[in-house]
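Take a look at the structure set out below.
Number of protein chains: 2
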Amino acid sequence: MKNFEYCNPVQVFFGKGETDRVGEVCARLGKKVLFVYGGGSIKRNGLYARVMERLREQNLTVWEVSGIQPNPRIDKVREGVKLCKDHGIEVVLAVGGGSVLDSAKIIAAGATYSGDPWDFFIDKAPVTGRIKIVTVLTLAATGSEMNHNAVISNDETKEKLAVVDAHIYPDVSILDPENTLTVPRDQTVNGIVDMTAHVFEQYFHPTPETPLQDRLSEGILQTIIEYTPRLLSNLEDYDARATIMWCGTLALNHLIEAGVEGDWATHRIEHELSAFYDIPHGAGLAIVFPQWMQYVLDVIPHKFAQFAERVWKIPRNGRSDRELGLLGIEATKKWFSQIGAPVTLREVGIGEEHFPVMAERATKKGPLGSVKKLYKDDVLAILRMCR
Amino acid sequence: MKNFEYCNPVQVFFGKGETDRVGEVCARLGKKVLFVYGGGSIKRNGLYARVMERLREQNLTVWEVSGIQPNPRIDKVREGVKLCKDHGIEVVLAVGGGSVLDSAKIIAAGATYSGDPWDFFIDKAPVTGRIKIVTVLTLAATGSEMNHNAVISNDETKEKLAVVDAHIYPDVSILDPENTLTVPRDQTVNGIVDMTAHVFEQYFHPTPETPLQDRLSEGILQTIIEYTPRLLSNLEDYDARATIMWCGTLALNHLIEAGVEGDWATHRIEHELSAFYDIPHGAGLAIVFPQWMQYVLDVIPHKFAQFAERVWKIPRNGRSDRELGLLGIEATKKWFSQIGAPVTLREVGIGEEHFPVMAERATKKGPLGSVKKLYKDDVLAILRMCR
């Protein structure tokens, strides 16, 4: 186990009906609120009206930024930052999935910074402060509700980059599984792939002696694998939605990576795919992850064998670590496919024309990953395996 | 899963050498420090001198309360509170195990309260504030380093009572496994039993649909069971100490109980034993827990069966839940015995003369537990099973 620092100050309110706390929660933090959301789904399902009512009951003044897209764009963040600065807004309230939450985090940070918020992503300026952040999650996927990450895309530069900074933990996150009951099947699946991939990034690592971290990760994976078929057979199953939601949060709230050196190469490679092609992040991860696993199998075969035995319950039966690990990787790919995720680039209509530039850009700041350092040629090789 | 609120703001510094942060950490929070510790062990092993040096480097003014005992007494807390009030102390620094940490938490809360700190335990006054709390853990056991609990004994009234309040989370906890390398075998075992019992209290519960919480609890238990023999075969094994330390913290930092209704009857019964006889808390838990399990088995046989299969790897082989559960309970009792914990009251020299009054007192505020409501006669029956 490596030395680590851990502090996660997010206040979580989890469960049926917790959405109605949103007014009092925001009022505790300020009088002027920027309500950030995505497309029309929260208007169609009544969540927009419900949140607005709770805010009005508390006599809060509300501004809005709407139209946040998947793979959220820096333009919308700039729009939010301007509103915050112009009106002295005190609280950014995000109602949506990871894209909306990530946008809100950077809006809140940008509101106290004199320059352009894209500066945070290109290491031109550190995050040094923010206004308050409250979230109401409507999609179980990114873990943004309880972590200090934000990923934003820039259309001009075709970049999709991350800020990881302790300042951008939300103050309060409301996790009401009922708000996810209407998420369509494909988005539900993408979210499940995303949280699964988050666990993988922190489970397949080179750090020795991390038995508790391993068990916690395996527990999250086993729960996701057990509850996904149940959820997909009835998208309105509250208990399944609640379980998957809490899995998504714990998959990336920095707990399971405490003491380990996570890999994250796959995410970096996927970011190039969704920056170039705007495919759903979850879809890209389902395609890249099994190929990355195959590519690095021989570096930590014992870990892949443990994964096969404990998570997929594949018996040892005299197999070598490598053989067993390979079966675990095949089981993973098969499972992604079974739940309806793509596992080849062909399935999402991506050809190989941009592979070299994507490999170049992914490794621009240096090699990727902790399990095996991946250089440009390695990334290119993995992309080719994804065809 | 039940609705829940979760927020754990403790900043943890974990790992080898992190002890040396203690000076800067305290200096960040105040200039006047009350250094709280137990017997002479930290003087003998050099930790006292090391901490003092770090505090002096930061030019902090230090007062001391020493001699905190296992099953810590309210008298020592009162002594600390008086020093804090007399000198305007800003930070309570606890260096020790759960007893020292619990004492420090109540000293810090008492420092901002005009009355007697025992009032917090007898519901005479709520905790409404505190001065800063920093801890350096030297014994993996209670989880006090990352939770909002404190248990204190009162010799006059022969009571051992708990305060559970969000105000008493430490600000910063330094978890340096090297500080536990010299813990003797018997204390190491008591600590391991204590953390195991904490998981049991939150794992055996009546709440349906808690698959993720179950897996996390099982992961902690499996890790403890795997690493305990290794640690007991070499008490100076750093990686084993580190693993057990992190298990102890996660066993009771309120994460695994998020969404479940924990039981805690066994702890309440044990508190009567250690209030009357001053036996180590861990020893009392090893004696009571298997008997409590047996007593409530028929209420949640499926959970005991799951426990036997997943934690003890006992195969189903056509057994009923009850039969399988019973084997799991037997395995638990046998394991406690194997690692050197007592499993009968006879082994610790306790007779049955005080059973009626202990049962009476344990249930004074109402029946115990969530799995099965335990009244006076139930507690009496369990105590008799412990003979």
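Keeping their order, the protein sequence lines are chains A and B.
Just so you know, our numbering puts 92 at position 27 of the first sequence, and the rest follows in order with no gaps.
Just so you know, our numbering puts 349 at position 284 of the second sequence, and the rest follows in order with no gaps.
Note that beta-carbon positions come from the ideal geometry of N, C-alpha and C, so glycine has one too.
This one's a predicted model, so the numbers in the text were calculated from it and none came from an experiment.
Sequence-distant residues of the same chain with beta carbon closer than 6 Å to residue i, five excluded per side
{"i": "Leu448 (chain A)", "result": "Phe420"}
{"i": "Asn110 (chain B)", "result": "Thr247"}
{"i": "Ser209 (chain B)", "result": "Gly163, Leu166 and Asp167"}
{"i": "Phe360 (chain A)", "result": "The question names Phe, but residue 360 (chain A) is Tyr in the sequence shown. Excluding residues within five positions, the ones whose Cβ falls inside 6 Å are Ile447."}
{"i": "Pro182 (chain B)", "result": "Val142, Val146, Ile171 and Gly175"}
{"i": "Met66 (chain B)", "result": "Glu274, Thr275 and Gly324"}
{"i": "Ala159 (chain A)", "result": "Val101, Val165, Leu166, Ala169 and Thr200"}
{"i": "Leu94 (chain B)", "result": "Val156 and Lys197"}
{"i": "Arg333 (chain A)", "result": "Ala427 and Leu433"}
{"i": "Asp386 (chain B)", "result": "Pro366, His367 and Ala370"}
{"i": "Tyr71 (chain A)", "result": "Ala323"}
Alpha carbon of residue i to alpha carbon of residue j, nearest angstrom
{"i": "Gly390 (chain B)", "j": "Met450 (chain B)", "result": "18 Å"}
{"i": "Ala169 (chain B)", "j": "Val201 (chain B)", "result": "11 Å"}
{"i": "Val422 (chain B)", "j": "Leu296 (chain A)", "result": "51 Å"}
{"i": "Val408 (chain B)", "j": "Leu277 (chain A)", "result": "27 Å"}
{"i": "Arg306 (chain A)", "j": "Pro242 (chain A)", "result": "6 Å"}
{"i": "Leu125 (chain B)", "j": "Gly82 (chain B)", "result": "21 Å"}
{"i": "Lys108 (chain B)", "j": "Tyr102 (chain B)", "result": "10 Å"}
{"i": "Trp311 (chain A)", "j": "Arg121 (chain B)", "result": "45 Å"}
{"i": "Val186 (chain A)", "j": "Asp251 (chain A)", "result": "The question names Val, but residue 186 (chain A) is Phe in the sequence shown. Roughly 30 Å separates the two Cα atoms."}
{"i": "Ile139 (chain A)", "j": "Asn219 (chain A)", "result": "6 Å"}
{"i": "Arg280 (chain B)", "j": "Glu417 (chain B)", "result": "38 Å"}
{"i": "Leu439 (chain A)", "j": "Ile379 (chain B)", "result": "43 Å"}
{"i": "Glu283 (chain A)", "j": "Thr308 (chain A)", "result": "15 Å"}
{"i": "Thr331 (chain A)", "j": "Thr428 (chain A)", "result": "12 Å"}
{"i": "Phe372 (chain B)", "j": "Gly383 (chain B)", "result": "16 Å"}
{"i": "Tyr113 (chain A)", "j": "Ala406 (chain A)", "result": "30 Å"}
{"i": "Lys96 (chain A)", "j": "Leu148 (chain A)", "result": "15 Å"}
{"i": "Val87 (chain B)", "j": "Ala396 (chain A)", "result": "47 Å"}
{"i": "Gly414 (chain A)", "j": "Thr253 (chain A)", "result": "21 Å"}
{"i": "Met117 (chain B)", "j": "Asp343 (chain B)", "result": "31 Å"}
{"i": "Cys91 (chain A)", "j": "Asp151 (chain B)", "result": "40 Å"}
{"i": "Leu190 (chain B)", "j": "Val127 (chain B)", "result": "Sequence inspection shows Ala at residue 190 (chain B); the Leu mentioned does not correspond to that position. Computed Cα separation, rounded: 29 Å."}
Cutoff 8 Å; reference residue i; Cβ partners in own chain excluding five residues on either side
{"i": "Asn318 (chain A)", "result": "Asn73, Val75, Gly208, Met211 and Asn212"}
{"i": "Arg115 (chain B)", "result": "Thr84 and Asp85"}
{"i": "Ile233 (chain B)", "result": "Lys170, Ile171, Ala173, Ala174, Val192, Arg195, Ile198, His213, Asn214 and Ala215"}
{"i": "Arg452 (chain B)", "result": "Thr409, Leu410, Arg411 and Glu417"}
{"i": "Leu180 (chain B)", "result": "Checking the displayed sequence, the identity of residue 180 (chain B) turns out to be Gly instead of Leu. Around Gly180 (chain B): Lys189 and Ala190."}
Helix, strand or coil at residue i [DSSP, three-state]
{"i": "Trp311 (chain A)", "result": "helix"}
{"i": "Ile139 (chain B)", "result": "helix"}
{"i": "Val160 (chain B)", "result": "strand"}
{"i": "Ser106 (chain B)", "result": "helix"}
{"i": "Ile217 (chain B)", "result": "strand"}
{"i": "Lys429 (chain A)", "result": "coil"}
{"i": "Ile187 (chain A)", "result": "coil"}
{"i": "Leu297 (chain B)", "result": "helix"}
{"i": "Leu120 (chain B)", "result": "helix"}
{"i": "Val201 (chain B)", "result": "strand"}
{"i": "Thr288 (chain A)", "result": "helix"}
Whether residue i touches residue j by CB criterion (9 Å)
{"i": "Arg119 (chain B)", "j": "Glu89 (chain B)", "result": "yes"}
{"i": "Val157 (chain B)", "j": "Leu226 (chain B)", "result": "no"}
{"i": "Ile133 (chain A)", "j": "Gly105 (chain A)", "result": "no"}
{"i": "Gln267 (chain A)", "j": "Glu337 (chain A)", "result": "no"}
{"i": "His263 (chain A)", "j": "Ala205 (chain A)", "result": "no"}
{"i": "Val444 (chain A)", "j": "Phe269 (chain A)", "result": "no"}
{"i": "Asp259 (chain B)", "j": "Gly313 (chain B)", "result": "yes"}
{"i": "Glu271 (chain B)", "j": "Val364 (chain B)", "result": "The sequence as given places Pro at residue 271 (chain B); Glu does not occur at that position. Yes, these two residues count as a Cβ contact at 9 Å."}
{"i": "Trp357 (chain B)", "j": "Ile290 (chain B)", "result": "no"}
{"i": "Leu410 (chain B)", "j": "Ile352 (chain B)", "result": "yes"}
{"i": "Ala424 (chain B)", "j": "Lys441 (chain B)", "result": "yes"}
{"i": "Ile261 (chain B)", "j": "Thr203 (chain B)", "result": "A small correction: the amino acid at residue 261 (chain B) is Thr; Ile does not occupy that position in the sequence shown. The answer is no: Cβ separation not under 9 Å."}
{"i": "Ile404 (chain B)", "j": "Ile257 (chain B)", "result": "yes"}
Proximal residues to residue i (C-beta, below 7 Å), its chain only, five neighbours per side dropped
{"i": "Ser339 (chain B)", "result": "Asn136, Lys225, His346 and Gly349"}
{"i": "Arg381 (chain A)", "result": "Glu374 and Leu389"}
{"i": "Val77 (chain B)", "result": "Met211, Ser238 and Leu240"}
{"i": "Phe341 (chain B)", "result": "Lys223, His419 and Met423"}
{"i": "Gly153 (chain B)", "result": "Lys97"}
{"i": "Tyr292 (chain B)", "result": "Ala305, Thr308 and Ile309"}
Could you tell me which uninterrupted alpha helix (DSSP H) segments, each at least 4 residues in length, are contained entirely in the region 69-101 of chain A, listed from first to last along the chain?
Runs of the alpha helix (DSSP H) inside the region 69-101 of chain A: 87-94.
Let me know the beta strand (DSSP E) ranges lying completely inside the region 231-283 of chain A, each 3 residues or longer, listed in chain order.
237-240
Can you check the region 339-401 of chain B for any alpha helix (DSSP H) of at least 4 residues that lies completely inside it and give the ranges in chain order?
346-361 and 366-375
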